[in-house]
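Written below as structure tokens is the structure these notes are about.
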């Protein structure tokens, strides 16, 4: 079974631009979560989608948005990029909503550099 | 959300057993304890998960005392490739799939 895939793997943008990152979950998984990882702040939760609906949202500004398609693939968009948005963006999928004993599987991440 | 506390870093040598303890004093009744491993520039990888007592798989063991306020990840006979950051997480069913990562424990295995 193929794992979680993320595209692109690396990206360089300039301040003020926008970017769209893509995540394909493991086949059959319906939940997709996004995380931002930086050396200073560690791994932080952005948002989670389940069956095309946003279920949870972390403490990030509105410039960060996402969506999920009917095939469970998800995209994350960051508008008006700032230098501080440079990070590794990770996507994780799971077969159902969390809770008891649910496991999430992470993709390799997209490394975004904002100049 | 249940908060976790782990040592920032640990050193070990090849072939030794490594035990990493995590404190989660306000763990809720329905919370599970999960450990992830992360190598540089890669996504975290699930290692083991448990609710109480002891869980063992091909990679590690997880020991959870009766009060569940802490847990210990045990890695038998570590190798250089086990050098990574290890995260302890406590699941909150009210938070959906939102994982709250702490700082993790940076394990350095030396030859």
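Protein chains in written order, with our numbering: chain V, 35 to 149; chain Z, 742 to 852. For every residue, glycine included, the Cβ atom is placed at its ideal position computed from N, Cα and C.
For residue i, the nearest candidate out of the options (CA to CA)
i: residue 843/Z; options: 125/V, 79/V, 49/V, 60/V; result: 79/V
i: residue 72/V; options: 66/V, 118/V, 89/V; result: 118/V
i: residue 84/V; options: 70/V, 95/V, 69/V, 101/V; result: 101/V
i: residue 825/Z; options: 776/Z, 766/Z, 810/Z; result: 776/Z
i: residue 820/Z; options: 751/Z, 757/Z, 749/Z, 747/Z; result: 757/Z
i: residue 122/V; options: 51/V, 37/V, 65/V, 43/V; result: 43/V
i: residue 707/Z; options: 786/Z, 851/Z, 782/Z; result: Since the first residue shown for chain Z is 742 and the last is 852, residue 707/Z is missing from the structure and cannot be characterised.
i: residue 807/Z; options: 770/Z, 745/Z, 760/Z; result: 770/Z
i: residue 115/V; options: 54/V, 38/V, 36/V, 39/V; result: 54/V
i: residue 809/Z; options: 764/Z, 749/Z, 781/Z, 750/Z; result: 764/Z
i: residue 105/V; options: 91/V, 49/V, 87/V; result: 87/V
As assigned by DSSP and simplified to three states, the class of residue i
i: residue 808/Z; result: coil
i: residue 822/Z; result: helix
i: residue 117/V; result: helix
i: residue 134/V; result: Bear in mind that a pLDDT of 45 at residue 134/V, under 50, signals an unreliable position, so the number given afterwards is only what the model happens to contain. Correct three-state label for residue 134/V: coil.
i: residue 70/V; result: strand
i: residue 126/V; result: strand
i: residue 60/V; result: coil
i: residue 97/V; result: coil
i: residue 104/V; result: coil
i: residue 84/V; result: strand
Residue j beta carbon less than 7 Å from that of residue i
i: residue 784/Z; j: residue 143/V; result: yes
i: residue 98/V; j: residue 124/V; result: no
i: residue 63/V; j: residue 129/V; result: yes
i: residue 108/V; j: residue 147/V; result: no
i: residue 804/Z; j: residue 797/Z; result: no
i: residue 790/Z; j: residue 773/Z; result: yes
i: residue 762/Z; j: residue 802/Z; result: no
i: residue 41/V; j: residue 56/V; result: yes
i: residue 760/Z; j: residue 822/Z; result: no
i: residue 126/V; j: residue 61/V; result: no
i: residue 778/Z; j: residue 788/Z; result: yes
Environment of residue i [buried if 16+ CB atoms lie within 10 Å]
i: residue 82/V; result: buried
i: residue 832/Z; result: buried
i: residue 752/Z; result: exposed
i: residue 754/Z; result: exposed
i: residue 848/Z; result: buried
i: residue 77/V; result: buried
May I ask you to list, following chain order, the residues of the segment 776 to 788 of chain Z that have a beta carbon less than 9 Å from some beta carbon of chain V? 777, 779, 782, 783, 784, 785, 786, 787
By the 8 Å beta-carbon criterion, what residues does the segment 743 to 760 of chain Z contribute toward chain V? none
Using a Cβ-Cβ cutoff of 8 Å, what residues of the segment 76 to 105 of chain V are near chain Z? List them in chain order. 76, 77, 78, 79, 82, 84, 89, 90, 92
Mind listing which residues of the segment 789 to 821 of chain Z have their C-beta closer than 7 Å to chain V's C-betas, in chain order? For chain V, the residues of the segment 789 to 821 of chain Z that bring a beta carbon within less than 7 Å of one of its beta carbons are 790, in chain order.
Against chain Z, which members of the segment 37 to 70 of chain V pass a CB distance test of less than 8 Å? Taking 8 Å as the Cβ-Cβ cut-off against chain Z, the residues of the segment 37 to 70 of chain V that qualify are 38, 65, 67, 69.
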